[in-house]
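Beneath this line is the structure, given in C-alpha cells, with notes to follow.
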Amino acid sequence: MQNSTTMHCLGFDVTVTHKKIKAMYLRVCPSTGQLRISAPRSVSAETIRAFIQTRISWIQQQQSRIQTLKPSHPYTYTDGERHYIFGKPCVLRLVEATNSPELYQTDAELILQVPADVDVEYRKNVFRAGLAGLLQKVLAPSVAQWAKTMGVSVSRCNIRLMRSRWGSCSPHSRSIRINLELVKKPPECIEYVVVHELAHLLEPSHNWRFKAIMNEFLPDWRARRMLLKHSPG
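The sequence shown runs 1 to 233 under the UniProt record's numbering.
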C-alpha cells in the first residue's frame, strides 16, 4: 500500500510517496515544477530532507528550465490568471466590487475585487497595492524579529517595485527598501533578503565581514540565495 504525504523543505512543497522500493527517486513535474519523491517505507523525513539538500542545484536547474520554456505573456489581471504568492501558485478570481476595491488571498486563490468595466491599469494598481499589503504582513514582524536578534535599529522599511534589486539599505538613515516582487517568493527567500539588508547596517560592503555576519545569523543563506534566484514567480 502506497502512502503519499506533502512536506515543506527549503522552500519547496514536496509530494512524498512511500513504496516497497529500495532507493529514493526524485522527479520534477515538467508541467508545474513540483517535486515528487518515491521513497522506501522505512525512510525518515530527516533522510528525505538530506536527500533533497544534495540535489538542490539540480532541482533549481530543472525548475529554471521549466520556467524558461513557459510562454511569457503580460498580465491582464483577469479571471483565471495564475500568480505566485509566497512561492505557491494562486489562481486570480475577479469579483465585482460592492464597496472599496481590494485584493485578498484565500487558500489557493487571489480575489481581486474591482468595479465592473475598469481597464487593465486600474486592475493592476489595485492588484499591486494588495500585494504590498500581503508582503507587509510578513515583512513587518520579520524585520522586527531580526533587527532585535542582530542588534540593529531600523527607522523604516519601505516596499516598492524595483527592477534590478531585491532590496536596498541606507546605513545613514537606518532604512531599508524591499522589492514588491519578493511577495512572489518563498518565505525563506523573504527572510534571507531581510537579513541581508540588515547585515548591511553592520557592514555596508559585500566583504569578508559581511559574509561572516551572514554566516553567524543565517548559516544557510547561500542556499536561500540560490532558491531566490531559481524559484518560480
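We put the beta carbon where it would ideally sit given N, CA and C, even for glycine.
Rounded straight-line distance, which links the Cα of residue j to that of residue i
{"i": "Y25", "j": "A39", "result": "7 Å"}
{"i": "E121", "j": "H206", "result": "38 Å"}
{"i": "Q113", "j": "A97", "result": "5 Å"}
{"i": "R163", "j": "T17", "result": "40 Å"}
{"i": "L139", "j": "K185", "result": "12 Å"}
{"i": "I111", "j": "P74", "result": "19 Å"}
Option nearest residue i by Cα separation, candidates the options
{"i": "L101", "options": "Q34, G87, A116 and F210", "result": "In the sequence as presented, Leu is not what sits at residue 101; that position holds Pro. Out of Q34, G87, A116 and F210, A116 has the C-alpha closest to the C-alpha of P101."}
{"i": "E109", "options": "T54, H83 and R156", "result": "H83"}
{"i": "R41", "options": "K229, C29, K22 and R55", "result": "K22"}
{"i": "residue 280", "options": "R49, T5 and V43", "result": "The structure shown does not extend to residue 280, since the chain is modelled only from 1 to 233, so the question has no answer here."}
{"i": "V28", "options": "Q60, T78 and S4", "result": "Q60"}
{"i": "W146", "options": "F217, C169, W208 and P187", "result": "F217"}
{"i": "G80", "options": "A45, R93, L180 and C9", "result": "R93"}
Exposed unless 16 or more other CB atoms sit within 10 angstroms - verdict on residue i
{"i": "V95", "result": "exposed"}
{"i": "residue 241", "result": "Because the chain spans 1 through 233 in this model, residue 241 falls outside it and cannot be assessed."}
{"i": "L198", "result": "buried"}
{"i": "G130", "result": "buried"}
{"i": "L161", "result": "exposed"}
{"i": "R156", "result": "exposed"}
Proximity below 8 Å, CB of residue i to CB of residue j
{"i": "V14", "j": "F86", "result": "no"}
{"i": "V195", "j": "W221", "result": "yes"}
{"i": "Q63", "j": "H230", "result": "yes"}
Unbroken beta strand (DSSP E) run spanning residue i, endpoints
{"i": "residue 278", "result": "The requested residue 278 does not occur in the structure, where the chain is confined to residues 1 to 233."}
Span of the alpha helix (DSSP H), counted from its first residue to its last, around residue i
{"i": "M150", "result": "V120 to M150"}
{"i": "L103", "result": "It is not in any alpha helix (DSSP H) - L103 instead sits in the beta strand (DSSP E) that spans E102 to Q105."}
{"i": "L228", "result": "W221 to H230"}
{"i": "I213", "result": "W208 to F217"}
{"i": "R93", "result": "Here R93 belongs to no alpha helix (DSSP H); instead the beta strand (DSSP E) covers K88 to E96."}
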